[in-house]
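*Asks:*
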Amino acid sequence: MNAITKTLVSMSFSLAIAIAVPALAQEPPGSGMPQPIPQTPATHDFTSHIGKVTGHADHGKQDYRRWCVGCHGPYGDGNGENAPWIDPKPRDFTAATFKCRSTPTGTLPTDDDLFNAITRGFNTSNMPQWRPLTPQTRADLIAYVKTFSPRWKSEKPGTPITITPETPVTIDSIARGKALFVKLECWKCHGPLGRSDGPSAATLTDSKDQPIKPYNFSTGGRLKCGEANADIYRDFMTGLDGTPMPSFADNVKPEEAWDLVHFLRTLQTTRPSKENEVLKAAGGKIPDVPPPAAPAQENNQAPQQEQKSPSSGK
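Per our numbering, the sequence shown starts with residue 523, numbered consecutively.
1. Is the Cβ-Cβ distance between Trp607 and Glu688 less than 7 Å?
2. Taking the alpha helix (DSSP H) that Gly592 belongs to, which residues open and close that run?
3. If you follow the beta strand (DSSP E) that Ser570 is part of, which residue opens it and which one closes it?
4. Roughly how many angstroms lie between the CA atoms of Asp634 and Thr788, to the nearest whole one?
5. Is Pro679 helix, strand or coil by DSSP?
6. Taking the straight line between their C-alpha atoms, what separation do you get for Ile693 and Glu777?
7. Going by DSSP, what residue range makes up the beta strand (DSSP E) through Val800?
8. Can you confirm whether the region 736-754 touches the region 698-714 when touching is taken to mean that 3 or more C-beta pairs between the two stretches lie within less than 8 Å?
9. With which residues is Pro733 paired in a DSSP beta bridge?
10. Looking at Ser570: is its Cβ nearer than 7 Å to the Cβ of Thr616?
11. Report yes if the C-beta distance between Ala771 and Met759 is below 7 Å; otherwise report no.
12. From the DSSP output, read off the bridge partner residues of Leu630.
13. Kindly indicate if chain C contains any beta-carbon less than 7 Å away from that of Val811.
14. Out of Leu782, Lys730, Val691 and Gly680, point me to the one whose CA is closest to Leu802's CA.
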């Protein structure tokens, strides 16, 4: 067994989160065991396109059976053998609802979006990075995933949103972003200091009625859909479909979205960033910027306008 094969086998077992139900548990064709993957009609109609690589569902079917069926299930509904032990639950491909997209809310993702998701994996979940799989294999898997939902037959992926050039990081931009954080009531879910402890946090559920936690910015941990400021901007404008996180594309201007991104970075107090450098240089205090319609504070949950720099000690 070569090094790549060993790595892939190890990754497939990690999806079982230390239980003895590996993702490779299904027997190969011709073994005499019942086949776990249903005969999906016309899989040859589904393809994916990643740069110069074309993925084919016919090929992806067996790759899916080898690497994905243990969690996502033979029917792509997220009910694989390992699913009862996994939190959050595996993605239900039959709904064709995806969090990480470059396309507007309610639309299908692009092939590149799905490729990035498979390649990158998801933080705080059992979905690993599948970089050891070849680009061809990942493209084939994307094509096969499309066979699980009729949406891929009747709809085209949305047009990716435009990400405008980032505005300068200044203390005024951070202040405006904090005012927007209050105005849009982001703190009700994420908490006044971004610690995932807002008054609504304990009540949140996803589209499958499963409990879901808002992102905890204070940990400085890896974001689910990408690490760059542009990724945060995109998530804010597209929303994370299937979760309570909506799209704000119709409510804010691009420059306002960048202000919010800059403020959110200051909530990641343990993470080095340009935003935290600017905040430290300003004495660790975000100046007051009265929002046009600031909501009344509820039980002192709304964030105050003073915030300490991670290293200022003020």
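Beta carbons: idealized from backbone N, C-alpha and C, even for Gly. Computed from a predicted structure; not experimentally measured.
*Replies:* In brief:
1. no
2. For Gly592, the uninterrupted alpha helix (DSSP H) segment begins and ends at Val591 to His594.
3. First-last of the beta strand (DSSP E) with Ser570: Thr569 to Ile572.
4. For the pair Asp634 and Thr788, the Cα-to-Cα distance works out to about 30 Å.
5. strand
6. 14 Å
7. Unbroken run through Val800 is the alpha helix (DSSP H), Lys796 to Ala803; no beta strand (DSSP E).
8. yes
9. Thr727
10. no
11. yes
12. The partner list for Leu630 (beta bridge, DSSP) reads Pro679.
13. Of the protein chains in this structure there is only one, and it is not chain C.
14. Reading the sequence as shown, one finds Lys at residue 802 and not Leu. Among Leu782, Lys730, Val691 and Gly680, the Cα nearest to that of Lys802 is on Val691.
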